[in-house]
Amino acid sequence: MRILLVKPQAHLQTVLGLQRFQCLEPLEFGYLAAAIPPEHPVRVLDLRLFWRPDAALIRELARFQPDLVGFTAYSHESGTMKRLAALVRRLMPKTRIVMGGHHATVATADCNIPEIDYIVRGEGCAPFRDLVTALHQGHEPDGIANLLRTGAHFDAAATVEWPRYPDPRTLPLPRRDLWDPRSYYCAWVCENPRHWQALYPPVAMVRTSYGCKMTCSFCIVPFLSGGVHLPRAADVVAEDIARIAVDHVYFADDENFIDEAFGFELAEALEKRGVRKRYFAWARATTILRYPELLRRWREIGLDGVFVGFEFVTNQELKAVHKGGTVSHNERALDTLRSLGIACHTAFMVRPEYGSGEFQRLRDYVNAMPPAQCSFTVCTPSPGTADYAAARPAFWAGDAYDLHDCMHPLMPTALPLREFGEVFARQLHEAAWRNPLRVERHPIRPWELARVIVAEQRYERAFRRLYRDFPRELWDWPGSAAPAVSGQLC
Ligand code: B12
Ligand code: SF4
Numbered sequence: 452m453r454i455l456l457v458k459p460q461a462h463l464q465t466v467l468g469l470q471r472f473q474c475l476e477p478l479e480f481g482y483l484a485a486a487i488p489p490e491h492p493v494r495v496l497d498l499r500l501f502w503r504p505d506a507a508l509i510r511e512l513a514r515f516q517p518d519l520v521g522f523t524a525y526s527h528e529s530g531t532m533k534r535l536a537a538l539v540r541r542l543m544p545k546t547r548i549v550m551g552g553h554h555a556t557v558a559t560a561d562c563n564i565p566e567i568d569y570i571v572r573g574e575g576c577a578p579f580r581d582l583v584t585a586l587h588q589g590h591e592p593d594g595i596a597n598l599l600r601t602g603a604h605f606d607a608a609a610t611v612e613w614p615r616y617p618d619p620r621t622l623p624l625p626r627r628d629l630w631d632p633r634s635y636y637c638a639w640v641c642e643n644p645r646h647w648q649a650l651y652p653p654v655a656m657v658r659t660s661y662g663c664k665m666t667c668s669f670c671i672v673p674f675l676s677g678g679v680h681l682p683r684a685a686d687v688v689a690e691d692i693a694r695i696a697v698d699h700v701y702f703a704d705d706e707n708f709i710d711e712a713f714g715f716e717l718a719e720a721l722e723k724r725g726v727r728k729r730y731f732a733w734a735r736a737t738t739i740l741r742y743p744e745l746l747r748r749w750r751e752i753g754l755d756g757v758f759v760g761f762e763f764v765t766n767q768e769l770k771a772v773h774k775g776g777t778v779s780h781n782e783r784a785l786d787t788l789r790s791l792g793i794a795c796h797t798a799f800m801v802r803p804e805y806g807s808g809e810f811q812r813l814r815d816y817v818n819a820m821p822p823a824q825c826s827f828t829v830c831t832p833s834p835g836t837a838d839y840a841a842a843r844p845a846f847w848a849g850d851a852y853d854l855h856d857c858m859h860p861l862m863p864t865a866l867p868l869r870e871f872g873e874v875f876a877r878q879l880h881e882a883a884w885r886n887p888l889r890v891e892r893h894p895i896r897p898w899e900l901a902r903v904i905v906a907e908q909r910y911e912r913a914f915r916r917l918y919r920d921f922p923r924e925l926w927d928w929p930g931s932a933a934p935a936v937s938g939q940l941c
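Numbering-wise, this note's numbering puts 874 at position 423 of the sequence shown, and it's gapless, one number per residue.
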């Protein structure tokens, strides 16, 4: 079986703008490739890296002649993924097509189209291995857990339950030989950078655990993980990290430090092996406050930055989404990180119903904060959550998965849409000046400085033009009285 694994390129300028700051490895394919018997040749085609992605796919199909093509997609990429699946079907009618990843898991019925043969929900290693084995033996897969056939065989009842994540200790070490590690990067911010330290180093991605014990209502993770945090074996993760060719590691966990014992165990395992890398992790404010010693330990072994979901600047809003923390927790977590010499990436959300007053409040708050890297998204419940089901009747146009990038408001905005994007862009612009690298005037290599300035400009422009992704009649419509629009957005 010749297997081609394809990651689509996003169509939204907001996501492409974000990609100018970070583009991380297609780790999902490293796991899938490691799970199947080695006699099957596998190639990874990451279309995010191409100027002309369709042409790149056509070229690769002609060269490699795959028997099986696998696509992955977040929801905002689902339309592109379907279009590419149709292209593969047209050019290579005998090639089987399988779809997996986040969108396939949370919106499985949306992937039940003639251009796709199989859908894998949840963690993909075991179902993918069994699918490859069945096809290799010349029969259609049947009775494989979390694998659905499409069309007449589509089993809608099987999509009702969430797929349970397997014990991460059963997962293989991901293959990292299928892509060039130098193609992946992240704008790397730290509190005390070395002089002329690279701003855009090559970055690898590692998952040390899966899931989260918390229940924020907009987030899909509690549904997928059943409210459980599942770590991999510490020595296996240490081995995974030790094999990585580059020096910087971005963790793909939902929450890195929520399990204190595992956090210490992994730090020990890394130190014992003499692994010396720089790390970027994700953690809740409450975790940072609960386990400052764990953060200190990780600082010692190379933790440079932590992404913290601040979400909102009022306790009322935090309570409404069951964040389980307060504004004061956020502020103290930021102080704790800074006192440890760890950079804090503070992530805020705005609501579609924000007017000028709420945007001003957010601006004032951010401007009064100690220096921190800031990012902003639009609070958008994930497909599959109860919040999503509750909000859906108010969406501009049904599910609109193609706009689900947590940057496009899916519900009518209080400000006219054009103004919403403008105010959002201004917020990004001002917050960029709060970045520790700027505030503390760390020397940056001139070409990297130019690169980040262009990235900021493009990202802001994407928000200024965000209204163009919506039908024209919505562009200047006062949000509160927005008309119901049917049909496809974007
Ligand atoms: C790390 C991460 C990122 C990284 C990027 C990772 C990358 N390689 O590009 C960063 C921080 C940049 C990021 C950005 C964004 N992210 Co993100 N991200 C995650 C996170 C935490 C882990 C994803 C991951 O890489 N896991 C590690 C790999 C190994 O696991 P996996 O992807 O799940 O793959 C397994 C299975 O899904 C399956 N599988 C996957 N693909 C395929 C394909 C086939 C053929 C098969 C058979 C199986 C299969 O098998 C894989 C192997 O185990 C998830 C949360 C989560 N728990 O999934 C959110 C998540 C995927 N992100 C999300 C979102 C919304 C975004 C952003 C739009 C947010 C924003 N506005 O900034 C951007 C979009 C970026 C983009 N370019 O598209 C949402 C997706 C919601 C949705 N319905 O699509 C999630 C679920 C977060 C959430 N809580 O809602 N993200
Ligand atoms: S938002 Fe973060 S803390 Fe809340 S449930 Fe999701 S992963 Fe856990």
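Glycine is no exception: its CB is placed at the ideal position from the N, C-alpha and C atoms. Keep in mind that this is a model prediction, so the values were computed, not measured.
Residue closest to residue i, alpha-carbon to alpha-carbon, out of the options
| i | options | result |
| --- | --- | --- |
| residue 670 | 590, 646, 783 and 705 | 705 |
| residue 777 | 715, 515, 513 and 766 | 766 |
| residue 665 | 590, 772 and 602 | 772 |
| residue 695 | 712, 909, 798 and 721 | 721 |
| residue 632 | 497, 683, 541 and 659 | 497 |
| residue 698 | 510, 727, 678 and 845 | 727 |
| residue 714 | 740, 703 and 682 | 682 |
| residue 629 | 690, 723, 493 and 521 | 493 |
| residue 466 | 917, 926 and 545 | 917 |
| residue 913 | 861, 902 and 876 | 876 |
| residue 893 | 640, 477 and 606 | 640 |
| residue 686 | 702, 677, 659 and 709 | 659 |
| residue 461 | 723, 533 and 546 | 533 |
| residue 508 | 540, 896 and 614 | 540 |
| residue 854 | 730, 575, 554 and 825 | 554 |
| residue 543 | 566, 675 and 796 | 566 |
Proximal residues to residue i (C-beta, below 7 Å), its chain only, five neighbours per side dropped
| i | result |
| --- | --- |
| residue 812 | 764 |
| residue 783 | 740 |
| residue 474 | 499, 635 and 636 |
Proximal residues to residue i (C-beta, below 8 Å), its chain only, five neighbours per side dropped
| i | result |
| --- | --- |
| residue 837 | 668 |
| residue 558 | 526, 529, 834, 835, 850 and 852 |
| residue 750 | 791, 792 and 793 |
| residue 586 | 452, 518, 519, 547 and 592 |
Assigned secondary structure, residue i (DSSP; H/G/I helix, E/B strand, else coil)
| i | result |
| --- | --- |
| residue 940 | For residue 940, the pLDDT reaches just 47, beneath the cut-off of 50, and the residue's location in the model is therefore unreliable, although a value from the coordinates is still provided. Of the three classes helix, strand and coil, the one that applies to residue 940 here is coil, per DSSP. |
| residue 543 | coil |
| residue 704 | coil |
| residue 650 | coil |
| residue 588 | coil |
| residue 505 | helix |
| residue 715 | helix |
| residue 497 | strand |
| residue 678 | coil |
| residue 600 | strand |
| residue 667 | coil |
| residue 638 | coil |
| residue 833 | coil |
| residue 570 | strand |
| residue 695 | coil |
| residue 755 | strand |
| residue 872 | helix |
| residue 530 | helix |
| residue 865 | coil |
Where the beta strand (DSSP E) through residue i begins and ends
| i | result |
| --- | --- |
| residue 458 | 454 to 458 |
| residue 828 | 824 to 829 |
| residue 733 | 729 to 733 |
| residue 481 | Element bounds for residue 481: not the beta strand (DSSP E) but the alpha helix (DSSP H), 478 to 486. |
| residue 610 | Per DSSP, residue 610 belongs to no beta strand (DSSP E) and is neither H nor E. |
| residue 794 | 794 to 801 |
| residue 914 | Here residue 914 belongs to no beta strand (DSSP E); instead the alpha helix (DSSP H) covers 897 to 915. |
Own chain, CB closer than 6 Å to residue i, minus 5 neighbours either side, in chain order
| i | result |
| --- | --- |
| residue 800 | 762, 828 and 830 |
| residue 556 | 572 and 573 |
| residue 816 | 764 |
| residue 935 | Any answer about residue 935 is weak, because its pLDDT of 49 lies below 50 and its placement is not dependable; what the coordinates show is given next. Nothing meets the Cβ criterion. |
| residue 781 | 736 and 761 |
Span of the alpha helix (DSSP H), counted from its first residue to its last, around residue i
| i | result |
| --- | --- |
| residue 465 | 464 to 469 |
| residue 624 | Neither: residue 624 is in no alpha helix (DSSP H) and is coded neither H nor E. |
| residue 739 | 736 to 741 |
| residue 791 | 778 to 791 |
| residue 809 | 807 to 819 |
| residue 555 | 553 to 557 |
| residue 1002 | As displayed, the chain neither begins before 452 nor continues past 941, which places residue 1002 out of reach and without an answer. |
Proximity test, residue i beta-carbon vs the ligand COA heavy atom, cut-off 7 Å
| i | result |
| --- | --- |
| residue 557 | The ligand COA is not part of the structure shown, which contains the ligand B12 and the ligand SF4 as its ligands. |
Who sits around the ligand SF4, taking every residue whose Cβ is closer than 7 Å to one of its heavy atoms? That gives 663, 665, 666, 667, 670, 672, 673, 705, 706, 735, 760 and 774.
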